[in-house]
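Chains as they are written, first to last, in the numbering used here: chain A, 1 to 346; chain B, 1001 to 1346; chain C, 2001 to 2346; chain D, 3001 to 3346.
Where a beta carbon is used, it is the ideal one built from N, C-alpha and C, also for glycine.
As the structure is a prediction and not an experimental result, all values here were calculated from the model.
Notes follow once the structure below has been shown.
Number of protein chains: 4
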Amino acid sequence: MRQFRVGVIGYGYWGPNLVRNFNDDPRAEVAYVCDPQVAMLEKHRTRYRTVKFTDNLDELLLDKELDAVAIATPVDTHYPLAKAALLAGKHVFIEKPLCRTSAQCEDLIRIAGENNLTLMVDHTFIYHGPLRLIKKLIEQADLGDILFFNSVRVNLGNFQRDVNVLWDLGAHDLAIMDYLLGQSPLEVFAIGSSHTDSRLADIAYLTMKFEHDLIGHINVSWLSPVKVRQIVIGGTKRMVVFDDNSQVEKVRIYDKGIETMNQPTTAPQIYSSRIQYRHGDMIAPVYDVTEALRTAVRHFIDCALSGDLPLTDGHSGLRVVKMLEQADQSLASGKVLPVGAESGYV
Amino acid sequence: MRQFRVGVIGYGYWGPNLVRNFNDDPRAEVAYVCDPQVAMLEKHRTRYRTVKFTDNLDELLLDKELDAVAIATPVDTHYPLAKAALLAGKHVFIEKPLCRTSAQCEDLIRIAGENNLTLMVDHTFIYHGPLRLIKKLIEQADLGDILFFNSVRVNLGNFQRDVNVLWDLGAHDLAIMDYLLGQSPLEVFAIGSSHTDSRLADIAYLTMKFEHDLIGHINVSWLSPVKVRQIVIGGTKRMVVFDDNSQVEKVRIYDKGIETMNQPTTAPQIYSSRIQYRHGDMIAPVYDVTEALRTAVRHFIDCALSGDLPLTDGHSGLRVVKMLEQADQSLASGKVLPVGAESGYV
Amino acid sequence: MRQFRVGVIGYGYWGPNLVRNFNDDPRAEVAYVCDPQVAMLEKHRTRYRTVKFTDNLDELLLDKELDAVAIATPVDTHYPLAKAALLAGKHVFIEKPLCRTSAQCEDLIRIAGENNLTLMVDHTFIYHGPLRLIKKLIEQADLGDILFFNSVRVNLGNFQRDVNVLWDLGAHDLAIMDYLLGQSPLEVFAIGSSHTDSRLADIAYLTMKFEHDLIGHINVSWLSPVKVRQIVIGGTKRMVVFDDNSQVEKVRIYDKGIETMNQPTTAPQIYSSRIQYRHGDMIAPVYDVTEALRTAVRHFIDCALSGDLPLTDGHSGLRVVKMLEQADQSLASGKVLPVGAESGYV
Amino acid sequence: MRQFRVGVIGYGYWGPNLVRNFNDDPRAEVAYVCDPQVAMLEKHRTRYRTVKFTDNLDELLLDKELDAVAIATPVDTHYPLAKAALLAGKHVFIEKPLCRTSAQCEDLIRIAGENNLTLMVDHTFIYHGPLRLIKKLIEQADLGDILFFNSVRVNLGNFQRDVNVLWDLGAHDLAIMDYLLGQSPLEVFAIGSSHTDSRLADIAYLTMKFEHDLIGHINVSWLSPVKVRQIVIGGTKRMVVFDDNSQVEKVRIYDKGIETMNQPTTAPQIYSSRIQYRHGDMIAPVYDVTEALRTAVRHFIDCALSGDLPLTDGHSGLRVVKMLEQADQSLASGKVLPVGAESGYV
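This is the structure we're talking about:
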């Protein structure tokens, strides 16, 4: 079988990871790296000597033997680049967030559909062993009903010049939340602050309300002295902590929770309470330690070859962009905003 | 000199700590413990055999030799108990939050003032060595301009039956924030969720905006599988992490931050940025390890004897209660609310 | 029933803990605290106002109503004090190590036996919830065959003036090892170093060999910048880490280990290996969080009242002292020394 | 200038890292990878398409344009391979430990010297930013006189089939200790245990005594459920902890220690002590985060081109092998052994 040939567009922070992972898949080879910055490319030619480095996008689009492109460029360029690639008949693997607007997302979904091409957004964490394990726990009802989802993703840098911290870091958390909870929020409220001339929020807090008192919270920041990558999910039966900063035992399952006593109480009980606490064992389970991007790339190639819909397809990208749009509006208006049923899971 | 005689009212969770600390101060002695729950008191008689245990408050108020009372009862009883004690001529040391309403706080402030009595609210953390050190850093401008204040205070339990989690755990953070920043917020927004019949929020997120893009955030929860007690404060010159869960090195000072490059840029720079990051040393300084409550109790006795105003006087208690009132209104209305100038620092 | 009356001898570092715990047991009361240092006692009279403070030991020994003494004095005084108390008909609770020599231990065991009195050495950790849980795991064969026992107990201070660091910190580890393994080592080797005029080792490494390749190692130090309290026990089926410095999850059970492949290999395999590794889940189980000394004190009173032999009786104290004696000889001679069968479990 | 051409011999665990790092140095290129295992090489051809993969060593030795070889094979093959390479006129970069015997090391040193070739042993940690910073602290006398060196390097796996755990993991610690202390031990004692058919120690404790009561201890194990990489160095002025498992702040400098009071004491002081403890700030300094192997490879190329002696030359390798030889003898004999003056620093 001939190799699945890929062109990587954008060779900044993430591009080299795409090249490495596509190159490592035995079915694929990276045929091109396309980037306007020639200087940065030169120093990498040594490692991948057969990859063609170019600043001419047309070279890729006109190559009939090129099967797919992987796009790792600034967000504003996602839509035109992906559209051109799809129209040239290439499968598209694209960094998160999918596009700058939900209308653009919908357009890409339509074009990909009409041309039977795979459109996959790189919500990398969905392919991360620890999170897949947590998804399984939720599906098996091991956590019970979900009470809250709380994510903290903060560090010092990297300030983006085109999007605020929600579109940069928060997109990860929204994708993870969307994947794990399998439902869209009813209401969104975002508040943040900017400390540079760009006036783009570098600290933001995003709160979402779902049905049945489920509350979601995402704290993102480019201005934290310590790096935190932690998600806590509480259920009626168990609670889970995902700490991606930990080198081992990234998932911890706590047999902890509360039980409400229902029997009527007659006398006033000032110091006692009807709530009882369950403090059981903690388990740090084994999980798949494969690099998430490796799994994502493999899944993309699988889908491109089989025609199956990827787990993180255009609709997954669209749901995240819709939440980001509402978050931006809330940030600007200081108001709690509804997220319409049309934006998410029906 | 005769002993400073104190009566402790309320012997639930915190009361025993008050007894122990007043008893340990060489100038003071605990003359009474007053609580309606006789059974709970019995088992403690062994330890403090000379303390008189009683369920009759009048016994304390009518004892002319009793100098002060320390109140550690449910919030709703703070105002009537403190008022009665002040009117009986006793100095009053009272657990946080000071009262249930700001009007009650103002009344206590007035009565204490008119009778030249000390009214001190037990914002214990203000007397905690690590936080006093951080206050000093801020006063000496070691952190530069403050950019953000972020506090997380979460654990499993203890659900209160009379107040929500903001009045319980959040009161600590508001007192600390008020102390460290020395200014009141312009706007408050609170959002939360309840998972019990009480409908009192057990998870809450409180965001506050101050002048000059300073943003404050407080995350409190009774429903977290892990206990977190962490405050991060970012300044233009340095950033500080206070981790009260750590047994040692509770304060970490990071020589980290961003510098904005001001020179004009002409060409579009896609992968570079005008922001530069400073990654310097981290210092974990030595601090006073005295138990905070011990220092608070000593300060209360100092003030009662000298007539000086305590650091956490009625106005400090009032400012915290005003923020809690606004937070409750925001929780109920889903709106961002202003905190009037009259409520805080003038 | 009348109270079990106890006199605490020695009121330095540990004495106050004994007073508090005996006082907290509903069956007991502390009748005396005996210590030659009058100044240090004065400041504590406030708290325990009915305890009689004295520097006259005879007062205790001649009090016919006194049931027991608890001895928390320097090691060299253990034997004469305990002997006098036993001969005066008192049960004896005594700090570790039991005595300065094994001959002294044997003498106390004999006298206690002849007088039907309880002699219990305060190997406190044996009464610590986490370690009792580990003992149970071992007894249930959950760990399989034990391969190694490795303990690190280091911190800055407190230099003792009468014994080296093995007799001070190492005695804890030897008592724990003796309890958990239930066997005595065949050989002992100790090496250490002193950095003060006392020439008493302040850093020491103690290695012990048992039957079947089981190896034990204890690292103790008064000269470490960080405090470590960690024991790792490896078995063929599971491995356990006990971290007493951790505030929660002090016990971690790892489903980890090696499996040796037994099939014959013909060809040389340079990069492969016949050893396979098992990396399973980690479990941090719930354990009893009662203060260890509280449990120890309760057990002592139980035994004194019932006549039962305590878990940490004189023989337990003797086994630890014999290992310490051999360790001292090894330290001095630089030689690996046998521990005779007579010294331990028969 | 033409490229510095390197052949990598051995492509097991470490070889790929050598290829990557030599390839990344702009002055060098990897011309060959030589390994008898053809199957393992195939899967890597994709990444480095211009490297020639071969199982024929002569191809490298006879290539007049090949400047150097890097050897990452089992220890027993180091000597014959390095000797052949040196005699063929190639500079040699070789994994630790340098050889199986000190006689072999001396022979390689002689041959390299006679042929003006660079012989460098890959004591990688000597090129690690955190350790270079600690070396600087010691050289500047910031730690004062060194009191102890304590290293723990334990994990589960990887059992070697040709050498025991001291030759595998311990070689790193001996190289680090040799580098930091700049002196050879006077005495060595090793004790260990084996739990497989190989009878090669998989757990070992190595203690070394130096002049002036300086004590060194190395604990290595292939049988630990948790991975530890920690070195603690205590000096009279400061103490340092190097934790290589930590993702950030790998170096922590503690302003801690003891001061001995010299004034004569007349009365016996049972509870006080002449030792005072200094508990100052802790500083986690910034260090060079370059990958250590990258720096090592750069240094090797520098030395090969300039003729300078590398920091980790043959003598450095020899000192480590001599300590390993003595450790093996001590393991076998159960005796404390001297390390002769001839073996180390003169």
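{"Check": "Whole-angstrom Cβ separation of A/P97 and A/A171, contact assumed at under 8 Å?", "Outcome": "5 Å"}
{"Check": "Just the C-alpha distance for A/V320 and B/H1091, rounded to the nearest angstrom, thanks.", "Outcome": "57 Å"}
{"Check": "Interface residues of chain D around B/G1280 at Cβ under 7 Å?", "Outcome": "V3286"}
{"Check": "B/G1317: buried (16+ other C-beta within 10 angstroms of its C-beta) or exposed?", "Outcome": "buried"}
{"Check": "With a 10 Å radius around its C-beta and 16 neighbouring C-beta atoms as the bar for buried, classify B/Q1160 as buried or exposed.", "Outcome": "buried"}
{"Check": "Nearest CA to the CA of B/H1217: which residue from B/L1181, B/D1197, B/V1226?", "Outcome": "B/L1181"}
{"Check": "What span of residues does the alpha helix (DSSP H) with B/T1295 cover, start to end?", "Outcome": "1292-1306"}
{"Check": "Does the distance from the CB of D/T3295 to the CB of D/Y3179 come in under 8 Å?", "Outcome": "no"}
{"Check": "Output the distance between the C-alpha atoms of B/N1115 and C/D2055, rounded to the nearest integer angstrom.", "Outcome": "48 Å"}
{"Check": "Do you know how far the Cα of D/V3336 is from the Cα of B/S1224?", "Outcome": "54 Å"}
{"Check": "Exposed or buried, B/A1267, counting other C-beta atoms within 10 Å across all chains shown (16 or more means buried)?", "Outcome": "Below a pLDDT of 50, predicted positions are generally treated as unreliable, and B/A1267, at 49, falls in that range; the measurement from the model is reported next regardless. Looking at its Cβ environment, which holds fewer than 16 other Cβ atoms inside 10 Å, B/A1267 is exposed."}
{"Check": "When you compare the CB of A/L81 with every CB in chain B, is at least one pair closer than 8 Å?", "Outcome": "no"}
{"Check": "Where does the unbroken beta strand (DSSP E) through A/M239 begin, and where does it stop?", "Outcome": "239-243"}
{"Check": "Please list the terminal residues of the continuous beta strand (DSSP E) segment that includes D/Q3230.", "Outcome": "3223-3235"}
{"Check": "Between which two residues does the beta strand (DSSP E) harbouring C/G2129 extend?", "Outcome": "No beta strand (DSSP E) holds C/G2129; the alpha helix (DSSP H) holding it covers 2129-2139."}
{"Check": "Expressed to the nearest angstrom, what Euclidean distance is found between the alpha-carbon atoms of A/E65 and A/A28?", "Outcome": "12 Å"}
{"Check": "What does the Cβ neighbour count give for C/V2006, buried or exposed, with the cut at 16 atoms within 10 Å?", "Outcome": "buried"}
{"Check": "Indicate the three-state DSSP secondary structure (helix, strand or coil) for B/L1143 in the structure shown.", "Outcome": "coil"}
{"Check": "Hey, out of B/R1238, B/G1157, B/V1241, B/D1244, whose CA is closest to B/D1202's CA?", "Outcome": "B/G1157"}
{"Check": "Kindly indicate which three-state DSSP category D/H3091 falls into: helix, strand or coil?", "Outcome": "strand"}
{"Check": "At what residues does the beta strand (DSSP E) containing A/Y32 begin and finish?", "Outcome": "28-34"}
{"Check": "Where does B/T1054 sit, in a helix, a strand or coil, going by DSSP?", "Outcome": "strand"}
{"Check": "In the DSSP assignment, the alpha helix (DSSP H) including C/D2197 goes from what residue to what residue?", "Outcome": "Premise fails: C/D2197 is in no alpha helix (DSSP H) and is neither H nor E."}
{"Check": "For B/H1078, is the classification buried or exposed, using 16 other Cβ atoms within 10 angstroms of its Cβ as the cut-off for buried?", "Outcome": "buried"}
{"Check": "Please state if the CB of A/S221 and the CB of A/V121 are separated by a distance shorter than 8 Å.", "Outcome": "no"}
{"Check": "Using 8 Å as the threshold, is the C-beta distance between D/K3322 and D/S3102 below it?", "Outcome": "yes"}
{"Check": "Reducing DSSP to helix, strand and coil, say where B/V1121 ends up.", "Outcome": "strand"}
{"Check": "Select from A/Y254, A/V226, A/V228, A/F300 the residue whose C-alpha is nearest the C-alpha of A/M239.", "Outcome": "A/Y254"}
{"Check": "Opposite D/V3220 in the DSSP bridges: which residues?", "Outcome": "D/R3153, D/A3204"}
{"Check": "Select from the segment 3246-3258 of chain D all residues with a C-beta closer than 7 Å to any C-beta belonging to chain B, and list them in chain order.", "Outcome": "E3249"}
{"Check": "What I want to know is whether the C-beta of D/D3076 ends up closer than 7 Å to one or more non-hydrogen atoms of the ligand SAH.", "Outcome": "In the structure on display, the ligand SAH does not appear, and there are no ligands present to speak of."}
{"Check": "With a threshold of 8 Å between beta-carbons, can A/S184 be considered close to chain B, or not?", "Outcome": "no"}
{"Check": "I'd like to know whether the C-beta of B/I1134 is nearer than 8 Å to at least one C-beta of chain D.", "Outcome": "no"}
{"Check": "Could you give the distance in angstroms between the alpha-carbon of D/V3286 and the alpha-carbon of A/D308?", "Outcome": "49 Å"}
{"Check": "At a CB-CB cut-off below 7 Å, which residues of chain D make contact with C/T2207?", "Outcome": "I3191, Y3205"}
{"Check": "Compare the C-beta of D/T3196 against all C-beta atoms of chain C and say whether one is closer than 8 Å.", "Outcome": "yes"}
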